[in-house]
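Chemist: Numbers 1 to 519, taken from the working numbering, label the letters of the sequence shown in order.
To start, I am sharing the structure in question, which I have written as C-alpha cells.
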Amino acid sequence: MMFCLKFVWPTATPTKNLPSIKNERMVSFQLIYFCQAMRIKSLAIVSIMALLLFATPRPVSAQDNWTYQRCLDYALSHNLTLQQSVLQKRMSELTLKQNRMTQLPSLNAGASTGYRFGRSIDPTSNSFVTQSLFNAGFSLNASADLFGWFTKQNNIAASKYQLYANNYLLEKARNDMGVNVANAFLQILLTSEQVKVSQAQVKLSQAQLDNTKKLVAAGSVPESNQADLEAQLARDSSTLVTAKNSNANSIIQMKALLNLDFAVPFVAEPPQNIAGIPVLSLAETGPEMVFTAALAAQPQHKADEMMVKAAGRTLQSARGALYPSLSLNAGAGTNYANSNYEFIGNPVPKTDTLGSVNVAGTDYAVVRNGFKYPNTRLVPFKDQLSNNFGQNIGLSLNVPLLNAWRLRGNVEKAKMDMQNQKLTMAVNQQKLRQDVYTAYSDAVGAQQKYYATISTENASQKAYDFATKRFNVGLMNSVEYITTQTNLFKAQIDRVSALYDYIFKIKLLEFYRDQRITL
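Structure below.
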C-alpha cells in the first residue's frame, strides 16, 4: 500500500505552476481510502486505477504576463474601493430622481372594512343605531403643492450638484487607482531587479569560493580566505531569500489592489527600456505651474466646488421652509353597510288609530291615514357605493408659527454646513499645493540621488575589478576583498532602487499636472 501512495503522488513533480496537483493529491488519498474500504489488496488493480486517473490531461497554468496598462484596466473594473465609489454615485442619482419626483402631485387610495357592535353611527345614514353591522369604505385622495418658496426646486438643485461632485470623486478615485497601481507595479519591478542582482551576487560568490578552494588545495592562499568566502556566500544567500520574499509580498499587494485571486499566476512585464521611459523635465517645470495645472484639472477641486454650491442650495431650501406654503387637496370616497335597507313593492293604504276624543258625550276616534310598504331589502353593494359616493376639493394654507425651533435650526445647520464645505475646499486646495511642492522636491532629490548612485556603482565596479586582480595574485586579503565586493553589491542595489524611486517621483509630478500616469 505504501508503494501505491508513492506511485500516484510523485515527489519530484513540480507543484509551483500546477494548481491541479492539490486536487489530485486529495483524489489520491481518496483512492487509497477506497482501496482499504473495499479490501482491494491487489497491487496491479490499484496501479491500473492510478494510471487511468493520471492519464487524463491536466491543465497546466502558463506564465501570465501583466503590463501596467493591463493591471490598470483590471483594477478599474474589479477594485472594491472603486465599486464603492460607483455605488455612491448611483445613490446620488437615486436621490436626485426622488427629489425631482416630489414635484408631482401625490395620489393615494385607501380601503377599510370591519364589524361594529353596540351603539354606533351608521356610515350610510349618519344616524345612531344599536345593532351589529358590517361596513366597508373606499377613498381616493390627491394633493399638490402650489407654492412653497422654491423649497423643492432648491433641493433638486442641491442633489444635482451633489451628483456632479460624486462624478468628480469617482474620477478622482480612478486617477488615484492609476497612481496606486503604478506604485505597486514599479515596486514589483524593483524587487524583481533586486532578486536578479542578488542571484548574480550569489553566483559570483559561489564561483569565487570554488576558485579559492582550488587555491587553498594548491597551498596558494590560506584557509581563512575560504572561510571568509563561505560566510560571504551565506550572507548573499540570505539576502537573496529576503529579496524573493519582498518580491512575493509586492505581488500579493498588487493582487489585493486588483482584487485578483491569489492563486492566479502573476508576472509583471516591464517596459522595453525602463531607464528610457519619457519623464518630465524638472528644469522646465516649476511647482507653481504644476499646481496651477492641477487646480484646473484635478477632480477633487471640482468636487469641492460642487459641494459648496450644493450647500448653498440646501441653505435656500431651509430658508424657504420658514414661509407659508399653499397646496391643493382633492378627494373622493364611498362606503357600504349591512344596516342600509330600502322599501320595495307598491305602497298600501293604511289607517293608524292614534286615540279618541269625547265630544258632547260621544267618543270619536283619532286616526292617521298613510301608506305602508309590504317588504324591505338590503340595498345592494353596488347601489350603496353609487349612492354614497362623495367628492371634495379645497386649498390648504400652511403657516409655520412655532415648530420647536426645528425650522430655524435647519437654517443654522445649513449655514454651518456651507461654511464647512468652503473650509474643506480651502484645506484640500492647501493640501494640493503642499503635495505638489513636496512631489517636486522629492523628484529633484530622487533625480540627484539616481545620478549619484550611477557614479557610485561605476566607481565600485572599478574598485572591485582592481581588487579581484590583486586578490587572485595574493596581494589582498579576503576581508578587504569581501568588503570591496559588498560595496559593489550595495551600489548595484542602491542604483536599482534609486532608478525606480526616481521614475515614480517624476511620474507622480506628471500625475499632478496631467491627472494620468503612463509607463
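Backbone N, C-alpha and C define an ideal beta-carbon position, used for all residues, glycine too.
Only a predicted model underlies this, so the values are computations on that prediction, with no experimental measurement involved.
From what residue to what residue does the beta strand (DSSP E) around Gly118 run?
Modeler: Taking the sequence shown and counting its residues from 1, one reaches residue 118 at position 118. Where Gly118 is concerned, there is no enclosing beta strand (DSSP E), given that its DSSP letter is neither H nor E.
Chemist: Between Asn472, Val181, Ala310 and Ala311, which lies nearest to Leu260 when the distance is taken from Cα to Cα?
Modeler: Within the sequence shown, residue 260 is the residue found at index 260, counting from 1. Of the listed residues, the one whose Cα sits closest to Leu260 is Val181.
Chemist: When DSSP labels each residue in this structure, what does Gly148 get in the three-state scheme?
Modeler: For the purposes of this step, residue 148 is taken as the residue at position 148 of the sequence shown. Residue state, collapsed to three classes: coil.
Chemist: Within 10 Å of its beta-carbon, does Ser42 have 16 or more other beta-carbons around it, so buried, or fewer, so exposed?
Modeler: Along the sequence shown, read from residue 1 onward, the residue named residue 42 stands at position 42. Its pLDDT being 47, under 50, Ser42 is placed unreliably by the model, and nothing is read from it.
Chemist: For the stretch 339–415, list the alpha helix (DSSP H) runs that are entirely contained and at least 4 residues long, ordered along the chain.
Modeler: With a minimum length of 4 residues, the continuous alpha helix (DSSP H) runs that stay inside the stretch 339–415 are 381–387.
Chemist: State the Cα-Cα distance for the pair Val359 and Ala136, rounded to the nearest angstrom.
Modeler: Against the sequence shown, residue 359 aligns to sequence position 359. Against the sequence shown, residue 136 aligns to sequence position 136. Going by the C-alpha atoms only, they are around 56 Å apart.
Chemist: Which residue's Cα is closest to the Cα of Arg516: Gln485, Thr453 and Asp176?
Modeler: Taking the first residue of the sequence shown as 1, we reach residue 516 at position 516. Among Gln485, Thr453 and Asp176, the Cα nearest to that of Arg516 is on Asp176.
Chemist: Would you call Glu193 buried or exposed, if buried means 16 or more other Cβ atoms sit within 10 Å of its Cβ?
Modeler: Mapped onto the sequence shown, residue 193 falls at position 193. Burial call: buried.
Chemist: Taking the alpha carbon of Asp417 as the point to measure from, which residue in Gly312, Leu133 and Asn273 has its own alpha carbon closest?
Modeler: Locating residue 417 in the sequence shown gives position 417, counting from the first residue. Of Gly312, Leu133 and Asn273, the residue nearest in Cα terms is Gly312.
Chemist: Does DSSP put Phe266 in a helix, a strand or coil?
Modeler: Taking the first residue of the sequence shown as 1, we reach residue 266 at position 266. Three-state DSSP puts Phe266 in coil, outside helix and strand.
Chemist: Quick check: Phe147 and Leu326, are their CB atoms within less than 8 Å of each other?
Modeler: On the sequence shown, position 147 is the one that residue 147 refers to. On the sequence shown, position 326 is the one that residue 326 refers to. Against a cut-off of 8 Å, the Cβ pair of Leu326 and Phe147 comes out as a contact.
Chemist: Label Thr241 either buried or exposed according to how many other C-beta atoms from any shown protein chain fall within 10 Å of its C-beta, with 16 as the threshold for buried.
Modeler: One-based indexing of the sequence shown puts residue 241 at position 241. The residue asked about is misnamed: residue 241 is Val in this sequence, not Thr. The residue is exposed, with fewer than 16 neighbouring Cβ atoms inside 10 Å.
Chemist: Would you identify the three-state DSSP class for Ser281, choosing helix, strand or coil?
Modeler: Counting from 1 along the sequence shown, the entry for residue 281 is found at position 281. Coil at Ser281, not helix or strand.
Chemist: How is Val129 classed by DSSP in three states: helix, strand or coil?
Modeler: Reading the sequence shown from its first residue, position 129 is the one you call residue 129. Here Val129 sits in strand by DSSP.
Chemist: With a cut-off of 8 Å, does the C-beta of Thr113 fall near any C-beta of chain B?
Modeler: Among the chains in the structure shown there is no chain B, since it carries only a single protein chain.
Chemist: Mind checking whether Pro324 and Leu397 have CB atoms under 8 Å apart?
Modeler: As a working note, residue 324 is residue 324 in the sequence shown. As a working note, residue 397 is residue 397 in the sequence shown. Taking 8 Å as the Cβ cut-off, Pro324 and Leu397 qualify as a contacting pair.
Chemist: Per the contact definition of three or more C-beta pairs closer than 8 Å, is the stretch 151–171 in contact with the stretch 302–317?
Modeler: Touching, yes, given that three or more Cβ pairs across the two stretches are closer than 8 Å.
Chemist: If you draw a straight line from the alpha carbon of Tyr500 to that of Ala318, how long is it in whole angstroms?
Modeler: Walking along the sequence shown from the start, residue 500 turns up at place 500. Walking along the sequence shown from the start, residue 318 turns up at place 318. Computed Cα separation, rounded: 54 Å.
Chemist: Just mark Arg406 as buried or exposed, buried being the case when its beta carbon has 16 or more other beta carbons within 10 Å.
Modeler: Looking up residue 406 in the sequence shown gives position 406. Arg406 should be labelled exposed.
Chemist: Quick one: is Arg495 buried, meaning 16 or more other Cβ sit within 10 Å of its Cβ, or exposed?
Modeler: Within the sequence shown, numbered from 1, the residue matching residue 495 stands at position 495. When all chains shown are included, Arg495 counts as buried.
Chemist: Under three-state DSSP, which class holds Ser47?
Modeler: Sequence index remark: in the sequence shown, residue 47 carries index 47 (1-based). With a pLDDT of only 46 at Ser47, under the threshold of 50, the placement of this residue in the model should not be trusted; the figure read from the coordinates follows. Helix.
Chemist: Who are the near neighbours of Leu509 in its chain, counting only those whose CB is closer than 7 Å to its CB and skipping five residues on each side?
Modeler: On the sequence shown, residue 509 is found 509 positions in, with the first residue counted as 1. Excluding residues within five positions, the ones whose Cβ falls inside 7 Å are Leu280, Val290, Ala439, Tyr440 and Ala443.
Chemist: Is the beta carbon of Pro380 sitting closer than 8 Å to the one on Leu322?
Modeler: By 1-based counting over the sequence shown, the position of residue 380 is 380. By 1-based counting over the sequence shown, the position of residue 322 is 322. Taking 8 Å as the Cβ cut-off, Pro380 and Leu322 do not qualify as a contacting pair.
Chemist: Give me whichever residues DSSP pairs with Leu186 in a beta bridge.
Modeler: Position 186 of the sequence shown holds residue 186. For Leu186, which the question treats as bridged, DSSP gives no partner whatsoever.
Chemist: Which residue marks the beginning of the alpha helix (DSSP H) containing Thr95, and which one marks its end?
Modeler: Numbered from 1 along the sequence shown, position 95 holds the residue referred to as residue 95. Note, Thr95: alpha helix (DSSP H), Leu80 to Met101.
Chemist: Which runs of the alpha helix (DSSP H) at least 4 residues long sit entirely within the stretch 462–496? Give them in chain order.
Modeler: Qualifying alpha helix (DSSP H) stretches: none in this window.
Chemist: Can you give me the start and stop residues for the beta strand (DSSP E) that Ala330 sits inside?
Modeler: As a working note, residue 330 is residue 330 in the sequence shown. Segment Ser325 to Ala337, the beta strand (DSSP E) holding Ala330.
Chemist: Please report the Cβ distance between Gln199 and Leu233, rounded to the nearest whole angstrom; I am assuming they are in contact, meaning their Cβ atoms lie under 8 Å.
Modeler: Walking along the sequence shown from the start, residue 199 turns up at place 199. Walking along the sequence shown from the start, residue 233 turns up at place 233. Not confirmed; about 13 Å, so no contact.
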